[in-house]
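Participant: Residue numbers (the working numbering), protein chains in the order written: chain A, 1 to 413; chain B, 1 to 413; chain C, 1 to 413; chain D, 1 to 413.
There are 4 protein chains.
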Amino acid sequence: MKKNKIINDPVYGFVTIPQGIIQDLIEHPYFQRLRNIKQMGLANLVYPGALHTRFHHALGAMHLMKMAVDTLRSKDVVITAEEEEAVLIAILLHDIGHGPYSHALEHSIVSDISHEHISALLMNRLNDDFDNRLSLAMQIFNNQYPKAFLHQLVSGQLDTDRMDYLSRDSFFTGVSEGIIGFDRIIKMMNVFDGQLVIEEKGIYSVEKFLIARRLMYWQVYFHKTAYAAEHLLVNILRRAKYVVSKGEEQLFATPAFSHFLHNTISRADFESSSQHLGYFTLLDDFDIFTSVKVWKDSKDFVLSYLCESLLRRKLYKSEIGNEPVDHLRKRSFEKKAMEMFPVGPEDIPYFVFDDVIVNEAYRVDDGNINILKKNSVILDIASASDNSTLQAFAQKVSKYILCYASELKGVVN
Amino acid sequence: MKKNKIINDPVYGFVTIPQGIIQDLIEHPYFQRLRNIKQMGLANLVYPGALHTRFHHALGAMHLMKMAVDTLRSKDVVITAEEEEAVLIAILLHDIGHGPYSHALEHSIVSDISHEHISALLMNRLNDDFDNRLSLAMQIFNNQYPKAFLHQLVSGQLDTDRMDYLSRDSFFTGVSEGIIGFDRIIKMMNVFDGQLVIEEKGIYSVEKFLIARRLMYWQVYFHKTAYAAEHLLVNILRRAKYVVSKGEEQLFATPAFSHFLHNTISRADFESSSQHLGYFTLLDDFDIFTSVKVWKDSKDFVLSYLCESLLRRKLYKSEIGNEPVDHLRKRSFEKKAMEMFPVGPEDIPYFVFDDVIVNEAYRVDDGNINILKKNSVILDIASASDNSTLQAFAQKVSKYILCYASELKGVVN
Amino acid sequence: MKKNKIINDPVYGFVTIPQGIIQDLIEHPYFQRLRNIKQMGLANLVYPGALHTRFHHALGAMHLMKMAVDTLRSKDVVITAEEEEAVLIAILLHDIGHGPYSHALEHSIVSDISHEHISALLMNRLNDDFDNRLSLAMQIFNNQYPKAFLHQLVSGQLDTDRMDYLSRDSFFTGVSEGIIGFDRIIKMMNVFDGQLVIEEKGIYSVEKFLIARRLMYWQVYFHKTAYAAEHLLVNILRRAKYVVSKGEEQLFATPAFSHFLHNTISRADFESSSQHLGYFTLLDDFDIFTSVKVWKDSKDFVLSYLCESLLRRKLYKSEIGNEPVDHLRKRSFEKKAMEMFPVGPEDIPYFVFDDVIVNEAYRVDDGNINILKKNSVILDIASASDNSTLQAFAQKVSKYILCYASELKGVVN
Amino acid sequence: MKKNKIINDPVYGFVTIPQGIIQDLIEHPYFQRLRNIKQMGLANLVYPGALHTRFHHALGAMHLMKMAVDTLRSKDVVITAEEEEAVLIAILLHDIGHGPYSHALEHSIVSDISHEHISALLMNRLNDDFDNRLSLAMQIFNNQYPKAFLHQLVSGQLDTDRMDYLSRDSFFTGVSEGIIGFDRIIKMMNVFDGQLVIEEKGIYSVEKFLIARRLMYWQVYFHKTAYAAEHLLVNILRRAKYVVSKGEEQLFATPAFSHFLHNTISRADFESSSQHLGYFTLLDDFDIFTSVKVWKDSKDFVLSYLCESLLRRKLYKSEIGNEPVDHLRKRSFEKKAMEMFPVGPEDIPYFVFDDVIVNEAYRVDDGNINILKKNSVILDIASASDNSTLQAFAQKVSKYILCYASELKGVVN
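Printed below as a string of structure tokens:
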């Protein structure tokens, strides 16, 4: 019989993998694929340590889930052995549908289908493979199980997914701003009226969690250079599809990647034919980046230029601010780009473009974080907090970014 | 010739003590006394690791100051060797006037003189002992030196004092909420128009610093149990002075402590006679707590009761909230106390009392934190930040606390 | 009903205190006394962070014990709820008999009775107070319980006591050399034939533990300056007793300390009269150090000199080496001391003395560390290791130390 | 003008990149290539965090070198600005010649040329590109510069390379056994007679470094599963070259990788034609692993089998021990393999093979670690240490490993 396995995790020390179906799921090729998908996409171009993968994140989130289950049980919340296994599976598989470079390429390789939807499709397949033993996990994942707190632990504003990725991303980037007190937050969890709540004295830790998340967004996830790198990759993909569509050049690609380069595959296609999902489960960061390496010698100037830029880390320069982009300024960059690069006006967006980035640290009415006061009253964290800080968090923050080819730096004042 | 010394500091790894006057100052009995004054008073009754001292804090703050000096110089800010030594001395001695149990007893042992004022008196004495070699340090300390940024590094809203105590208190309490990115903040320091500024990309680290400070205040420094312990000690001192004043009982005390028990020594006294300061420099946590141990057998019921409570950790129970204390409720506790304890109404405040605690995370117009934007504009952090979070910080938060003897717990609904 | 309590511990994050008798024991004055006994005596004069107490150590060791119990149970080792509580109590109380400044004064305040023996006496008393509910814990503590592995977890060459003090002492001193992989060691624990064993793949972690312990001994516990400080305190005590015995001077002391200054109390005395134990349970670091502060003004030159030396940190200078002390050299120091200090030859040992320090990292045949090989063979670690490193550890190492008053530094070549 | 850059490093906090040639070298494609070469090859299959790269390692080693330079200067060792830049460059480029998967494939992609030799060739090229401004760095690297200690900091038994990789590999694997006190070791460095020495009181830190290294070797670098993974990759390469040589199948590969699959390129070839080096500088982990992904569908059974094994993590099973492999036992495995797999006897070594692993923690007479005693005597660490531990380290340890296809597990007793 297999035994529990122990895996070293620099974030938590050790993660225990319980024997049985969970070990089998981890050994499945769908899950092993996550070893080759970096959690933070191309952020390692700014934070060189950020090479950790969806694989490690999923194990870590499962570890926190186990801690949460143990804590709740110690407070006399009933969680059966079946429910424990199911909620562990649910968190383990929550990202199974992520494609190469995580969020960066989410809408480039396939169209109109989110990674969450692909996750659902893959869980269905796995459920077939495992004789329907994932049914309860899927109910929890889809919030169809009566014990709502189990779903909230998987997906909510204070779930084990977020707690792990903040801890892990802080750890591997070295950005201490993102460190959260996950152990204290978990120790303060409880269940009240079937809902996940945080006991009152944990309120500062939750505040800390929310501000850590906000800071990580602006300092790391939306770091203007990381943003520039990701958009470069998106543009590479877009251009490659265009080159392929013109049929003038064969582009180097693995068979699986080639399938997605030559075909525009929609959600409907995924659902009607299993072939697409099959190819998708073969794709990871390796397919993409290896092609980029070869494409830098493409005959297509735009594709070659973009790949060379990524490989040599000559990323787009970018300007980020709280005001909408000045379109006259953008126009000036475009004009200079026309002069500098041998391309027509239809290709200028590969060299100059702008975007809006929106974030809110805490979203009221979307799976609120509930605080259990000593007098058994439940309050939303934004109301329970003793000052207006958190109300402030609930506001949307928009930032505006203008990107242009690095050669254009300085040509416009 | 003496060499640089290296001291292990679990917070920073190693702290280097430069040779010369700084080593001599550290060896001076005034500074060695800080070894016996805990940084966080009685907070160790709640956080058992919080036994670190003013001595270690002063060395740590000096270490951060050295980092700041090195960073500024690397950005071509001129700091002469004399100024470096002086600013290191200034931060080293900034807390030299603290009495036993740091803040807890600040207004109990002596009256109407702050620890800052005693620090100034002691620096004067040291300056005499050291042939006026502390004059420049004192100018910086007192903000009388033209290079204002040097004073701001010693005492401001983002000074090395605060950076050290937040880091150190977090470390020794184990409260990760207080961890700040001191290294990043320091690396982002610069000087503009003679003022200390933070470069724009350090803004999130400063935000983090401010929220960490706020959380440490509410979760640790104003923790209701730590608060209760400190007030117990304050009441013990008050009662002991009363017992001594009645002359009915000799109280066990070291000669130095006895001097302050038998005399009410004011700022004017300190300034007119050096004897008081002499006794003061002999006082530390040992004098106080050892007396408490013996006084638990005092014939005075109140004194004995209070000392026993502290020693057995039967601290005041306390209720803390955002609303002013309900005086009817307080009255009920007082009535019960009258029934329960063999004391007259004039002694009831030893058993039941209330208080207001006020804190603001960031004080606008009191040594602002200035952000240097890329376009060489200086903004206050509260304006530079991209949302209303920091404006919120600038608001005063008041909390109201009601404390009562632990035996009274539950007797009033 | 009381609930589990959570205590912040910077070493482990959080320590959970289970409800029931364990909380009651912790609240007992005997245990609270440990809050005022520093784990490492006067080592803070060298490592300023080393102010942690026996109280924190005992809680930490209990935390590791809980981890060990959980691990063994997950490997199907039967440990009943009663046994769990008992083994937690046994480790919690293992140091209850320590006197002020831990080891430093072990043989100065009382004579011919060890802290282990006092621990046993105090456990007896507690057992009476708690209606014999400590009986099983005492059986385990005294190795009289059939499941030998429980005792081995409390007291053996790889027990939770040692794992905690190495981890904790490293943490608070900042000496990273002492860091051990306690979590990995515990995860590798198992029970075979009723004995505690380590599974084979944990062998490197055990080696690391042994070398960390050896290094901590030589670098920290036997640090020559810390050693000098401790011996200074021992000599102060010895001199104070002498001064008291001559009857010429009243020495400032708390009543409890006074009892031990005026009486030589032996093991037989402790066992025949409970009064001595009563006084002993009132003694802690405060009593001792406060007296030292006052005694620096003693009329007795030797006592005054020694106290002043400790307070001003003018510790003995010391020379440590692998060769026995050169007695001619020692004689020269003694001659100079006679010239320099106004004392007779009988008092010279207060100014010049030597000693031998012996340590062995691993003691074969004294509660061996057993390795469970994959083929179910048990080997002692010294045999199981793949090279001669550990055999080397099993050798006794002796070092020789010569100490002399700091004023004598340099007077002898 | 460019400014100093700061890079987040989770191991050290921040790494400063000085302006000038060092930034230019880092931006060079040769150095950027190291971003895609994992420091620990396939060890992430055992330690999922171990994804860090040669790029990060080189920056970290440079950071330690800067610390060492600062320390030595503070002890009045003369290091000019030119020498500082040169020694930083030397350590920055010390691994520039590493190929994909670091050590794993060192002798598979090319033959009879080490990564050190390729590093030397690449430094030569860079020296040409940078107008001979690397000449001093190369002298130091090649130990041709009079100040021997500079070379010893780059390459010796206690160099900044080793200090970084032990620290970094421990950090990213989460194996705390490898943590070393790099800051203490560096603070104890000095120069005596032109040689790098460690001051006597750093001796325990050096011992700790040596044992940490030994433990990392056996627990991590030679971990039997990591070993199995690496040999699987080596066998894949070997088989791919064989398949290509037979000419029956086109194997998917990038142009650069294809060059090395179709040609056997020796040291002489590298030196005679720059084309080979050009292709080499395009190769990284991506080229290799992407091919493995496609080759799992090869028509060649052996190649397909091996690739599938690596991708699905069905690694060789292995038995490791202190005794030479039992050849009868190996024979039995081979016989079973013949029955189980459709291959001829010449291909059996792809399924069953054995090997010897040799390590010595410290190599006497190969760049010794010298300890500077207080009396200005220099001793080798193996002599200076106070017991036989280190002599033990100097012994070679051999281990014997037998590997077989995972399907063979259990078929031989």
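Here a beta-carbon is modelled for each residue, glycine too, at the ideal position from N, C-alpha and C.
Within the 8 Å Cβ cut-off, does residue 400(B) reach chain A?
Facilitator: With 8 Å as the cut-off, residue 400(B) does not count as an interface residue toward chain A.
Participant: Could you name the residues that DSSP lists as bridge partners for residue 189(A)?
Facilitator: BP columns for residue 189(A) point to 198(A).
Participant: Report the three-state DSSP secondary structure of residue 141(D) (helix, strand or coil).
Facilitator: It is helical.
Participant: Counting contacts by CB-CB distance shorter than 8 Å, is residue 194(A) in contact with chain B?
Facilitator: False, the Cβ-Cβ gap to chain B never drops below 8 Å.
Participant: Among residues of its own chain, excluding the 5 on either side of residue 82(C), which ones have a beta-carbon nearer than 7 Å to its beta-carbon?
Facilitator: 136, listed in sequence order.
Participant: Going along chain C, which residues have a C-beta under 8 Å from residue 404(D)?
Facilitator: Ordered by position in chain C, no residue passes the 8 Å Cβ test against residue 404(D), which lies about 17 Å from the chain.
Participant: Quick one: which residues of the stretch 12 to 23 of chain B get their C-beta closer than 7 Å to a C-beta of chain D? List them in chain order.
Facilitator: Cβ contacts with chain D: 13 and 14.
Participant: Is it right to say residue 177(B) is buried, meaning 16 or more other beta carbons lie within 10 angstroms of its own, or is it exposed?
Facilitator: Residue 177(B) is buried by the Cβ-count criterion.
Participant: Just grab the DSSP bridge partners of residue 352(A) for me.
Facilitator: Looking at the DSSP assignment, residue 352(A) forms a beta bridge with 404(A).
Participant: Is it the case that the stretch 227 to 244 of chain A contacts the stretch 76 to 95 of chain A, given that we only count it when at least three CB pairs across the two stretches are under 8 Å?
Facilitator: Flag = no, the stretch 76 to 95 of chain A and the stretch 227 to 244 of chain A do not touch.
Participant: Report yes or no: do the stretch 161 to 173 of chain B and the stretch 41 to 49 of chain B share at least 3 C-beta pairs separated by less than 8 Å?
Facilitator: Enough Cβ pairs lie closer than 8 Å, so yes.
Participant: Can you give the Cα-Cα distance for residue 343(C) and residue 36(B), rounded to whole angstroms?
Facilitator: Roughly 31 Å between the two C-alpha positions.
Participant: Assuming residue 429(D) is part of the beta strand (DSSP E), what are its boundary residues?
Facilitator: No statement about residue 429(D) is possible, as the shown extent of chain D runs from 1 to 413 and does not include it.
Participant: Which residues of chain B have a Cβ atom closer than 8 Å to the Cβ of residue 76(D), listed in chain order?
Facilitator: The premise fails here: residue 76(D) is roughly 11 Å from chain B at the closest Cβ pair, so nothing lies under 8 Å.
Participant: Which whole-angstrom value describes the C-beta separation of residue 312(C) and residue 29(B), a residue pair presumed to lie in contact below a C-beta threshold of 8 Å?
Facilitator: Their Cβ separation, rounded to whole angstroms, is 6 Å, which keeps residue 312(C) and residue 29(B) in contact under 8 Å.
Participant: Verify the CB distance criterion: does residue 7(D) have a CB-CB separation below 8 Å to chain B?
Facilitator: Chain B contact via Cβ: absent.
Participant: Does the distance from the C-beta atom of residue 197(A) to that of residue 371(A) stay below 8 Å?
Facilitator: The answer is yes: Cβ separation under 8 Å.
Participant: Looking at chain A, is there any beta carbon in it that lies within less than 8 Å of the beta carbon of residue 407(D)?
Facilitator: No - not a single Cβ of chain A is within 8 Å of the one on residue 407(D).
Participant: Excluding the 5 residues preceding and the 5 following residue 330(A) in the sequence, name in chain order all residues of the same chain whose CB lies nearer than 7 Å to its CB.
Facilitator: Cβ neighbours of residue 330(A) beyond the five flanking positions: 352, 354 and 402.
Participant: Would you mind stating whether residue 68(A) and residue 154(A) have Cβ atoms separated by less than 8 Å?
Facilitator: Not in contact: residue 68(A) and residue 154(A) (Cβ atoms no closer than 8 Å).
Participant: Residue range of the alpha helix (DSSP H) that residue 14(D) falls in?
Facilitator: Residue 14(D) -> not in any alpha helix (DSSP H); beta strand (DSSP E) instead, spanning 13 to 17.
Participant: For chain B, find out if any of its Cβ atoms is closer than 8 Å to the Cβ of residue 165(A); answer yes or no.
Facilitator: Taking Cβ atoms only, chain B never reaches closer than 8 Å to residue 165(A), which makes this a no.
Participant: Any beta-carbon of chain A closer than 8 Å to the one on residue 2(B)?
Facilitator: Bear in mind that the predicted position of residue 2(B) carries a pLDDT of just 49, short of 50, making it unreliable; the figure below should be weighed with that in mind. No, no contact with chain A.
Participant: Name the one or two DSSP bridge partners that residue 77(D) has.
Facilitator: According to DSSP, which records beta bridges pairwise, residue 77(D) is partnered with nothing at all.
Participant: Please list the terminal residues of the continuous beta strand (DSSP E) segment that includes residue 379(C).
Facilitator: Note, residue 379(C): beta strand (DSSP E), 378 to 380.
Participant: So what's residue 1(D) in DSSP terms, helix, strand or just coil?
Facilitator: A caution first: residue 1(D) carries a pLDDT of 39, below 50, which makes its placement in the model unreliable, though a value can still be read off. In this structure, residue 1(D) counts as coil in the three-state DSSP scheme.
Participant: Let me confirm a value: residue 144(A) is counted as buried when at least 16 other C-beta atoms fall within 10 Å, else exposed. Which label applies?
Facilitator: The residue is exposed, with fewer than 16 neighbouring Cβ atoms inside 10 Å.
Participant: Could you tell me which chain D residues have their CB closer than 9 Å to the CB of residue 183(B), listed as they occur along the chain?
Facilitator: Chain D residues near residue 183(B): 13 and 14.
Participant: What number of angstroms, rounded off, separates the C-alpha of residue 281(D) from the C-alpha of residue 253(D)?
Facilitator: Computed Cα separation, rounded: 16 Å.
Participant: The beta strand (DSSP E) spanning residue 370(B) covers which residue range?
Facilitator: From DSSP, the beta strand (DSSP E) with residue 370(B) extends over 370 to 372.
Participant: Assuming residue 53(A) and residue 34(A) form a contact by the criterion Cβ under 8 Å, report the distance between their Cβ atoms to the nearest whole angstrom.
Facilitator: Contact flag correct, Cβ pair sits at about 6 Å.
Participant: Would you list, in sequence order, the uninterrupted alpha helix (DSSP H) runs of no fewer than 4 residues that lie entirely inside the stretch 18 to 88 of chain B?
Facilitator: The stretch 18 to 88 of chain B contains these whole alpha helix (DSSP H) runs: 21 to 27, 29 to 32 and 54 to 74.
Participant: In chain C, which residues lie less than 8 Å from residue 207(D) when you measure between Cβ atoms?
Facilitator: Near residue 207(D) (Cβ distances below 8 Å), the residues of chain C are 211 and 215.
Participant: Secondary structure at residue 203(D), three-state DSSP: helix, strand or coil?
Facilitator: Of the three classes helix, strand and coil, the one that applies to residue 203(D) here is helix, per DSSP.
Participant: Looking at the secondary structure, which residues open and close the alpha helix (DSSP H) in which residue 118(C) lies?
Facilitator: Here the alpha helix (DSSP H) through residue 118(C) covers 115 to 129.
Participant: When you compare the CB of residue 219(A) with every CB in chain B, is at least one pair closer than 8 Å?
Facilitator: Closer than 8 Å: yes.
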